[in-house]
Every structure is written in structure tokens, then in C-alpha cells.
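In full-length UniProt numbering, the protein residues as written are 1 to 721. Presented below is the structure to which this report refers.
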């Protein structure tokens, strides 16, 4: 291992060699895989010190499997193959890492074996998963870590009462919600630092809460209710919490973890890793663990080839769709499901097993999605038999697996489902073939989930051949927006699922023509929407009031890559991440399009608002507050006035400071003028005065020949005569 060198030594060496270390892009430096040059991360150090994990030199990676069959030599190989098959599914067994002791007198096995894995984590997982494994009626495995034997040997013969440690209350993980200024937090990643800030628009700048270098090795992610901040490391994932301290609350061991996903109610965390196969012709090996967030216990794991996890969904790595598991049943985290070949496997979290111990069989199903609030699955099955069997969208109630509604669709090219956030409506975008099969057109099937018999309405655009660029529901509302058109500047239409007479018919509210927009971002509170032109439109922004059907403001964030509303709908963040080499950083805007402040950041990777949990206020209470907003707002108006005065005072002090600097500069110039007076007198041949009016001005004319040129002029004698 290389010798550890301090940063001061590196800077001194760079100075000696004439290298400007500030110009070196440290993020671009690649080191060999697995090499850390003797520099452990904070998490590595804590992992080994606090948990006392054994290194490979110890016995923490060895398990003892008892209650094996006692067999003669001729059955020894068969038993060894059975044991190896069971335990190689959990982890990599070392070469020569499976040993079955033999009775030297009978030459039969002794009924137990030792298995050595590459890592202690694999050994621990093998113990947890196979202790109590039923090989047959007479042989139920008893599995222990080899190190546990030493622990059991040290158990005293006499019982002594356990030491009762005093209760130490932990930090209130919701304390950040009680901020007196009602501010929201956000996290950013730039260069090697991860920072958490308060958004403080009154001060026109963010207020730093917590800053840490090398906090994560890949990315950070808030939990859905904002309680935890998750970080990703080589050994696994970790969650942190608090308002200002961000102490580590739990770790989840999963080597080489690539992706993570929380359940909506934050009870569970899914981790994912993909491992290179030993045989190049094989697919990647996938490991998924589902942890209890609070205890860190593995509730269920899934292992297999990448091919088993590629159906449906989007994104992911190594061809695997992400998220593999999708959560249903709202914030209760009761169900999760994954799509397979001709099946939807739905699990319940009480036992982490399949509902009714079997998957839901759906021939040729290609996609599904959960209602955000209810245990209802929406399934899509494409056409079969060359169109003889139509495509269909079905709504299935869980856990009874009862089909609530079905809609057959003909000549379907593609289909995509969009749930409204309250689960009241489902929009199905259907791309259909024309009669010639040479082109497609798009329409929408709109399901009213909460109404009797779930009525369905068909919506076609005025020009049904228009390409659909984007679709988005108003959060908690009844309206939706569609960007459509084939022109470089498409149109944007707004629709409502309600009408003036509440007839249950969809109606168009307005169409905005020729807009520089290709993405829609509704405020979480509804009413306002940001029409954004990303990528080819170079960050064009239009802040639109859907209630009044009017534009509030327009703006631009050049080369913007990401846009996110804060959870209250008061502010919007636009950012340029490191996919672009220039203009990295973020801007904070008000909901009505006023640019509040800009923060440039080199090598900028992430911006994430901290989510808020749902309000405990009833709809009636929120309506009452809305009606009496002037009464409640007086307190905050006074605070705003105080802040305004404070800012004015700060501005006055800043200007006075600039004036003092100017006066000091003038005085310094006068001092230098006095010091140089003798030199000026000498240059003037003894004249001492600097006053211009004491000198007599004289005008002197000087004649100077600039050039002499001789020229022969022809002389005509005839003209003279």
C-alpha cells in the first residue's frame, strides 16, 4: 500500500515543481479499482471501529452448518454438491472454502461443515437466511458464525443482571419543520462536498446548515417525507437525520450498491447491486435487499440474473428497469409489486410473501402502475394475434385481485398511464395506428376512479395528428396540461375534468400557441405552472397562472438541465448540472417568476428540495385559514418589514464602508502628492508652486519645414505667345 501523504506535503511538492495545484481537476483523476492509497473514508473508519467487523484475516467470514446428514464416503460428493448449491446462491464461497469433517473410525461425515465466504457480510447473510432451513423432515439446519463459538464459550456460569443504560433521547427528526421563518431546506452536491442549506429568500441567499466532504460516493437522496437523507457507499447505504447536525441513524450493508429506493411511508429501503458474471456469456447477477429503515434488518432479498428484472419500467443500470419494485397502498407501505413474464407479483409487507402465495397471471402484460392513494393496480396488455385480440387497460383491486374496470383498445401502437396525485383520475395516453399503418395519432382515455362504475371518457385533440410532447396533472386538482404539435414551437392546452354545471365531461380551458416549451412543472399546490424549454430551447421559462389563464412572468436560465418546485409551491429551483462544462450552479425563483438569487457552483451534480410530510390540517381548517389569510399574515408582514429595514441598514453600512474606502484612497493620494513635491520642484527648475494660476501662459509660434520636394513643371511656349 502506498505511503499516506498529507495535503500540506502535496501542496509543497507542487510549489517546488512549479505546478498550480488549484488548476488540477481532482475529480478527473482515476485510481485503480479497490485502491484507496491508504486513505480510508469516514464511513470505512466508522464501519470497522463501531461494528467491529472482521477483516478477511479473521474468522468473521466463516459459518458452521450443523444438522447435516451423516453419510458414508460414497455419498460424500453428492452431499457436498447439495450444500454448495444452497450456499453459493448467497455469496461467493472461497476456493477450498467448504470442509466437511469425517469421523476417522467410521469414515462417515460428522453431520456439520465449515463454509468460508469472501466477506463477513456474506457469512452473516448466509446465517440469517439458512438458519432453520429444512433440507428434509429429519435435517433442519442450525447455522452459526464461527466467531460466535468464542462468544458462547465466554458466557459466565453464574447469571448476572444486565446493566441498564440510562435513556438518552435522540434528536427530533421533524424539528426542521418548526423553523420560525417557515423556510425549506435543500441539499446540493458540488465537487467533493455535499451541503444542506435553508432557502432564505428574504436575505436573497441560502443559509448553510451542514457541510461535509466525501459524504457520499455516488449520490444523495431524501426519503419521501423528508425525514432522512440517504448516502451511497461501497459497503452499502446509510441514512442521516436532524435539522442541523445530520447524525448517522442507520447503515445498510450491501456491497457495491448502485441504486436505492424508499417506500412512500419511509418504512422500508430497497437497495440494488449488479455484479459481473464469472462467465462472459452469462448475464449480470442482480441482488436486491429490502431493509427495515429503523432497525436495519433485511426483511427480504431477491437474487437472480439481470434478465429476470428487465421487464417493464424505465431507467436503471445494466439493462435492469428501475424501480424494480413499485409500492402501492399509499403511505401505509402495505404492498409492493414487480412485473415478470406474464405475471404481476404482488407482495404484502406483513410477511413479505406473495399475496395468496401466488402471482397475478396476466398474459403478455408489459406495464403496470399503482394508484398513489389506494391499493389499485392499472395494467396494460398490448394487442395479440396481429390485432385479433385487442389491447386493454385493466384496473385490479388488491388484495382481492378483483377487476374493477377494463377498457379494450384497438390498433394500439403504444400506451402510457398517468395517475393524478389524489388517485381520483387516471389518464391513459394511447398511440394508435392509422388505417394505412404508416403513421400514428394520439388520444386519451380518462378514467374517473372515484365515481360509480368508473366511467371512461375519450379525449382527442383538435388536431389528432399532433405529437404529444408532455402531459402533466395538476397536483390535488382536476386540471391537466398537454404540450402538443410537430412545429419547433408547439402549442400548450389546458383541460379540466369538471365543467361549470359539473356534468362530468372534460372541457378545454385554453390553448397557448407557439411556445418555447417542452416540459411542464406544476406547483405542488396547484394553480401555477412553469412552462419550460430545456435542451434545444436553452432554458426558456414562462410562469403561468392557470386560474386566471395569464402569464405572470418570463425568464431564462441558460442551458438549464433540471427544474424542481419546493414542497410548498412558493419557490422554484432551476439548475445547470455537470452535464455541461459551463454555467454550473442554480437559480432560485419565486412562484410568480421573480429571480431571487443566483449561486454559481463548479462541478455541480445535484439539487434536491427536502420533502415535507402531508399537513395535519383538515380541508376545512385550510379553507378557514385561506379565508382569514390577512389576519394570519400580519405577523409575517411585520417580520418582512423588519427584514427589509435590516437589509436597508446593511445596504447603508455597505455604502458607508465604500465611502470610507474612497476617503482613505484620496488621503493616501494627497500624502503621496506631498512626499513628491520636492521632486516636482526640481523638474520645474526651482519653481515650487503646484498652482496652475500662478504661471503665465505664453504662445510661441514655431515654423518647421516638414518636407522639400522638387517637381518639373512643363512650360508651353505657344500658350505664352
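Glycine included, C-beta positions come from ideal geometry on N, C-alpha and C. All figures in this text were calculated on a predicted structure; none of them were measured in a lab.
- Three or more Cβ pairs closer than 8 angstroms define a contact, and the segment 197-211 meets that threshold against the segment 170-188.
- Buried is the label assigned to residue 109, since at least 16 other Cβ atoms lie within 10 Å of its Cβ.
- Excluding sequence positions up to five before and after residue 452, its CB lies less than 6 angstroms from no other CB in the same chain.
- By the C-beta criterion, the segment 398-409 is judged to be in contact with the segment 438-457, since at least 3 inter-stretch pairs fall below 8 angstroms.
- For residue 677, the enclosing alpha helix (DSSP H) begins and ends at 677-683.
- Under the Cβ criterion (8 angstroms, minimum of three pairs), the segment 342-360 does not count as touching the segment 381-395.
- CA-CA distance, residue 152 to residue 306, rounds to 41 angstroms.
- Residue range 247-253 is occupied by the beta strand (DSSP E) that includes residue 248.
- Here residue 266 is buried. Its C-beta has 16 or more other C-beta atoms within 10 Å.
- The residues 118, in chain order, have a CB closer than 6 angstroms to that of residue 92 in the same chain once the five nearest residues on each side in sequence are set aside.
- By the Cβ neighbour-count rule, residue 297 is exposed, with fewer than 16 other Cβ atoms within 10 Å of its own.
- Apart from the 5 residues on each side of it in sequence, residue 433 sits with its Cβ closer than 7 angstroms to the Cβ of 411, 413 and 440 in its chain, given in chain order.
- For residue 288, the uninterrupted beta strand (DSSP E) segment begins and ends at 285-292.
- For the 7 angstroms CB-CB criterion, residue 610 and residue 185 form a contact.
- When DSSP states are grouped into helix, strand and coil, residue 275 belongs to the strand group.
- Counting the other CB atoms within 10 Å of its CB gives residue 462 a total below 16, which places it among the exposed residues.
- Assignment of beta-bridge partners to residue 109 by DSSP yields 102.
- Comparing alpha carbon positions, the residue from 205, 331 and 616 closest to residue 262 is 331.
- Residue 546 and residue 574 have their alpha carbons spaced roughly 21 angstroms apart.
- In the same chain as residue 336, and ignoring 5 residues on each side of it, the C-beta atoms closer than 6 angstroms to its own belong to 325, 327 and 347, in chain order.
- The beta carbon of residue 460 lies closer than 6 angstroms to those of 443 in the same chain, with the five residues before and after it left out.
- Within the DSSP bridge table, the entry for residue 197 names 186 and 208 as partners.
- Collapsing the DSSP output to three states places residue 73 in a helix.
- Note on geometry: alpha-carbon atoms of residue 61 and residue 525 lie some 52 angstroms from one another.
- Closest by C-alpha distance to residue 521, out of 544, 648 and 95, is 544.
- Residue 638 sits exposed, since fewer than 16 C-beta atoms from the chains shown fall within 10 Å of its C-beta.
- The way I'd put it, the segment 550-570 does touch the segment 523-538; three or more beta-carbon pairs between them come closer than 8 angstroms.
- The DSSP assignment places 367-370, 376-381 and 391-397 as complete runs of the beta strand (DSSP E) inside the segment 351-399, in order along the chain (cut-off: 3 residues).
- Rounded to the nearest whole angstrom, the CA to CA distance from residue 114 to residue 154 is 22 angstroms.
- A Cβ-Cβ separation of about 6 angstroms places residue 468 in contact with residue 429 under the 8 angstroms criterion.
- Burial is judged here by how many other beta carbons sit within 10 angstroms of a residue's own beta carbon; residue 213 has fewer than 16 and is exposed.
- For the set 203, 418, 321 and 554, the Cα lying nearest the Cα of residue 475 is the one of 418.
- Where residue 625 is concerned, the enclosing alpha helix (DSSP H) starts and stops at 619-627.
- Per DSSP, reduced to three states, the secondary structure at residue 607 is strand.
- Residue range 298-305 is occupied by the beta strand (DSSP E) that includes residue 299, with no alpha helix (DSSP H) assigned at that position.
- When the Cα atoms are used, residue 256 and residue 84 turn out to be separated by approximately 24 angstroms.
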